[in-house]
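Its first residue numbered 553, the sequence shown is counted upward by one per residue in this note's numbering. Heads up, the beta-carbon is just placed ideally off N, CA and C, and yes, glycines get one too. For reference, the structure is listed below as structure tokens.
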Amino acid sequence: MSTGGRKPFGTSFEDWVERQVREAHERGDFSNLPGAGKPLAGLDREFSAEQWAADKARREGFDVSAMLPPPLALRREREVLLRDVHQLVSEAAVRAVAGDFNDRVRELYRRPADGPLVVVGLLDPDVLVGQWLAARPAPPEPVAAPEPRPRRWTRRWWRRRG
553 MSTGGRKPFG TSFEDWVERQ VREAHERGDF SNLPGAGKPL AGLDREFSAE QWAADKARRE
613 GFDVSAMLPP PLALRREREV LLRDVHQLVS EAAVRAVAGD FNDRVRELYR RPADGPLVVV
673 GLLDPDVLVG QWLAARPAPP EPVAAPEPRP RRWTRRWWRR RG
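Now the structure itself:
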């Protein structure tokens, strides 16, 4: 007989939990669970709180790039920028994004390094604009306007007069 969510008075916590597990097992609550009978993943490697947090964030669908150290985050941002440059709307936007990125990389190099040196390359705005232009679709050719039809207002005007 299950007691619900509260432990009955006078029962040890261990006995109460063991009874709930036994009753759930008898009801078949543990049958056909995903991964049943398979070894637990990651038992062969050393435990790391950072790796556990990153794995949990990935399982939950979060972006783990915010957990990266600044140099690695900038390297990741550079890769994404080079891949997605075609999504920017204008040449001025491409140059502004490249300038902002380069400013942040220079600022990173001015500060003392917290860990090993991670090289992050600057972006050449002209090369980036060239990639942006190459990825853009050609502008549509202008459609010729149809020939205007002659107005017939002069006929109506002459009919009204007469």
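A690 and W684 have their C-alpha atoms spaced approximately 12 angstroms apart. Distance check between P621 and each of A665, V681 and F565 places A665 closest, using alpha-carbon atoms only.
Following the DSSP letters along the chain, one finds G682 inside the alpha helix (DSSP H) bounded by residues P677 to A687.
Between V632 and the set F582, E643 and F653, the nearest pair of CA atoms involves F653. Per DSSP, the unbroken alpha helix (DSSP H) holding G651 starts and ends at E643 to R662.
A residue is called buried when at least 16 other Cβ atoms come within 10 angstroms of its Cβ; P586 does not meet this threshold and is exposed.
CA-to-CA, the gap between L674 and R597 works out to about 36 angstroms. In the displayed model, R628 falls within a helix according to three-state DSSP.
By the CB criterion at 8 angstroms, V681 and V646 fall inside the cutoff. A straight-line Cα-Cα distance of about 13 angstroms links V573 and S583. Within the region 554-617, complete alpha helix (DSSP H) segments of at least 4 residues are found at 565-579 and 601-612, given in chain order. Taken through DSSP and simplified to helix, strand or coil, D666 comes out as coil. The three-state secondary structure of V671, taken from DSSP, is coil.
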